[in-house]
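Undergrad:
2 protein chains.
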Amino acid sequence: MRKISVCVTPNLLPLYKNDNQIVVVVDVLRATSSITAGMASGIAKILPVATVEECIALQAAGYIAAGERDGKMVEGFTLGNSPFDYMDEKLKGQTIAMTTTNGTLAIHLSEGAKEIVIGSFLNLSSVANYLATQDADILVVCAGWKGKFNLEDTMFAGALVEKLQGKIDVDCDAAVSALYVYQAAQVDLMMFMEKSSHYRRLKHLDVIDDIAFCLSVDHFDCVPVVQNGKEIVLKEL
Amino acid sequence: MRKISVCVTPNLLPLYKNDNQIVVVVDVLRATSSITAGMASGIAKILPVATVEECIALQAAGYIAAGERDGKMVEGFTLGNSPFDYMDEKLKGQTIAMTTTNGTLAIHLSEGAKEIVIGSFLNLSSVANYLATQDADILVVCAGWKGKFNLEDTMFAGALVEKLQGKIDVDCDAAVSALYVYQAAQVDLMMFMEKSSHYRRLKHLDVIDDIAFCLSVDHFDCVPVVQNGKEIVLKEL
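Chains A and B, in that order, are what the protein sequence lines are.
Residues 40 to 276 (our numbering) make up the first sequence, in order.
Residues 40 to 276 (our numbering) make up the second sequence, in order.
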């Protein structure tokens with residue numbers, strides 16, 4: 040039977056990684072939510088880059104630059120890390136270069152996987168349905184916060200485990216734990232999030248609307264994937 | 040207000056460590072349970088060592104050698120990693136040299152903390168009561184399994200957070216998550232453990248009785264601590 044595992048931060052990835060797995064990268068607040076929102080809204084491609092410097096170089100080459108460090112938009116960039124930034128009509132058909140504190144880094148560290156899928160609450164069921172039709176083991180990589188465990192990505196991992204259990208063997212203690220965290224949280228994800236360090240860290244940045252939106256389950260029906268190891272596109276289903 | 044944090048595996052310790060914290064090392068299955076059982080039963084001192092080689096050297100110097108690798112007693116040692124081994128009348132007043140796959144390693148990696156306390160379900164309330172009277176922040180270091188997240192140590196971390204919440208600020212997403220995992224598990228810890236990778240890994244080794252005993256909450260009233268950075272003794276309270 041296929042297996043699903045959860046890696047609670049990219050710092051533990053060497054212990055979980057193998058090239059036969061489909062990796063689902065999740066950074067609920069806010070990179071993978073923004074990517075999902077943007078791709079669903081018509082952005083053609085997103086190039087995830089690990090450093091601000093790479094993003095500036097792509098900006099100089101004509102791409103739209105997007106991203107944050109420590110929750111704030113990088114100076115001189117066009118887009119920050121709010122999903123609302125990415126749902127702009129003007130971005131339809133465009134290619135974006137993006138760098139974030141945790142999310143794009145987690146994508147880079149997952150290189151070498153059989154496939155890399157972008158997951159968020161916004162496209163939870165789409166991702167679960169896609170994974171259910173595949174034949175590889177699954178590893179959920181939580182972007183965390185600067186290497187540490189975080190609540191919101193663990194909640195998403197648990198939600199995905201819940202969707203897939205029965206079809207896929209949950210042979211991983213972090214996956215079992217994530218499931219219980221999600222089951223405690225699901226009655227009111229937003230109320231649960233108020234207990235998180237991320238909420239406390241970001242609330243002064245006036246991003247409560249972002250957080251509420253990022254917790255909207257199944258707002259979009261799409262599966263962004265990393266193509267050729269370098270660009271995020273929508274999977275044709 | 041004082042804080043409690045949880046480090047879900049020693050591999051993440053560099054992100055959480057500082058020398059002003061009291062560290063509680065937990066390896067429910069089975070190192071810190073065995074240490075607790077042994078110290079409560081009259082063992083004078085336990086020298087936790089990281090490698091089998093160090094333990095063999097101490098054995099040659101006259102100490103009783105104890106420990107396991109991959110759940111099995113090291114050949115030539117006197118004691119394995121079952122808590123029942125450590126509750127032998129003959130060990131009263133003795134000094135033991137001990138090495139285990141995860142637990143003694145976690146103790147070594149925690150060196151430099153303000154104090155290192157040995158925690159397990161067997162002495163949960165004793166540890167919680169002791170910590171409640173101290174004035175430093177607390178870090179629970181889960182021994183995990185070869186660097187990976189594990190269920191039983193997370194459950195213990197959650198149980199300790201539950202005992203201390205209200206008195207101590209839970210400013211850590213891993214601590215919040217551990218609390219929810221424990222609350223899901225507490226109705227029947229043993230039934231919950233059957234979902235864990237450790238249970239599946241160890242059940243063929245005929246250690247189900249050990250697991251049940253290690254989940255006995257408050258079987259002993261004692262607080263083992265690491266003294267002078269090298270030997271475990273009972274804290275005089």
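Beta carbons: idealized from backbone N, C-alpha and C, even for Gly.
Is the beta carbon of C181 (chain B) less than 8 Å from the beta carbon of A196 (chain B)?
TA: Closer than 8 Å, so yes.
Undergrad: Whose Cβ in chain B lies nearer than 7 Å to the Cβ of V47 (chain A)?
TA: Correct list: V47 and F188.
Undergrad: Using a Cβ distance threshold of 8 Å, determine whether the stretch 47-54 of chain A contacts the stretch 154-172 of chain A, with at least three qualifying pairs required.
TA: No: fewer than three Cβ pairs fall under 8 Å.
Undergrad: Residues of chain A with a CB under 9 Å from the CB of T321 (chain B): which are they?
TA: The question about residue 321 (chain B) has no answer here: the residues shown for chain B are numbered 40 through 276.
Undergrad: What three-state label does DSSP hand I82 (chain A) in the structure shown?
TA: Looking at I82 (chain A) - three-state DSSP - the assignment turns out to be coil, as it is neither helix nor strand.
Undergrad: Leaving out the 5 sequence neighbours to the left and right, which residues in its chain are closer than 6 Å to A99 (chain A) when beta-carbon positions are compared?
TA: Nothing meets the Cβ criterion.
Undergrad: Using three-state DSSP, classify C253 (chain B) as helix, strand or coil.
TA: Note: C253 (chain B) maps to helix in three-state DSSP.
Undergrad: Between the beta-carbon of A152 (chain A) and the beta-carbon of D260 (chain A), is there less than 8 Å?
TA: Not a contact, by the Cβ cut-off of 8 Å.
Undergrad: Going by DSSP in three states, R240 (chain B) sits in which element: helix, strand or coil?
TA: In the structure shown, R240 (chain B) sits in a helix (DSSP, three-state: H, G or I).
Undergrad: To test your reading of the DSSP string, which unbroken alpha helix (DSSP H) runs of 4 or more residues are found completely within the stretch 79-138 of chain B?
TA: Qualifying alpha helix (DSSP H) stretches, in chain order: 91-99.
Undergrad: Please compile the residues from chain B whose C-beta is within a distance smaller than 7 Å of the C-beta of Y219 (chain A).
TA: What Y219 (chain A) touches in chain B: Y219, V220 and A223.
Undergrad: How about L34 (chain B): is its C-beta nearer than 8 Å to some C-beta of chain A?
TA: For residue 34 (chain B) there is no data in the structure shown, the boundaries of chain B being 40 and 276.
Undergrad: Quick one: grab the DSSP three-state call for V63 (chain A).
TA: Three-state DSSP puts V63 (chain A) in a strand.
Undergrad: So, does the stretch 80-87 of chain A touch the stretch 163-175 of chain A, judging by three or more C-beta pairs under 8 Å?
TA: They do not touch, by the three-pair rule.
Undergrad: Looking only at C-alpha atoms, which of B:T117, B:V179 and B:V67 sits nearest to I61 (chain B)?
TA: The shortest C-alpha separation from I61 (chain B) is found at B:V179.
Undergrad: Examine chain B for any beta-carbon lying closer than 8 Å to the beta-carbon of N234 (chain A), and answer yes or no.
TA: The sequence given here places Lys at residue 234 (chain A); Asn does not occur at that position. Yes, its Cβ sits closer than 8 Å to a Cβ of chain B.
Undergrad: Listed from N- to C-terminal order along the chain, which residues in the stretch 236-267 of chain A have their beta-carbon within a distance smaller than 7 Å of any beta-carbon of chain B?
TA: Cβ contacts with chain B come from S236.
Undergrad: According to DSSP, simplified to helix, strand and coil, what is V47 (chain A)?
TA: V47 (chain A): coil per DSSP, three-state reduction.
Undergrad: Using only CA atoms, which one of A:Y125, A:M194 and A:L203 lies nearest to Y219 (chain A)?
TA: Ranking the options by Cα distance to Y219 (chain A), first place goes to A:M194.
Undergrad: L54 (chain A) CB to nearest chain B CB: under 8 Å?
TA: Interface residue, yes.
Undergrad: When you compare only the Cα positions, how much space is there between T90 (chain B) and T134 (chain B)?
TA: Their backbone Cα atoms lie some 17 Å apart in a straight line.
Undergrad: Excluding the five sequence neighbours on either side, which residues of its own chain have a C-beta within less than 8 Å of the C-beta of C211 (chain A), listed in chain order?
TA: The residues are K42, I43, S44 and V45.
Undergrad: Three-state secondary structure (DSSP) at G186 (chain A)?
TA: It is coil, neither helix nor strand.
Undergrad: Is it buried or exposed for A251 (chain B), if we count other Cβ within 10 angstroms and need 16 for buried?
TA: Exposed is the call here.
Undergrad: Does DSSP classify G77 (chain B) as helix, strand or coil?
TA: G77 (chain B): helix per DSSP, three-state reduction.
Undergrad: Under 8 Å, Cβ to Cβ, is there at least one residue of chain A near L51 (chain B)?
TA: So yes, L51 (chain B) belongs to the interface.
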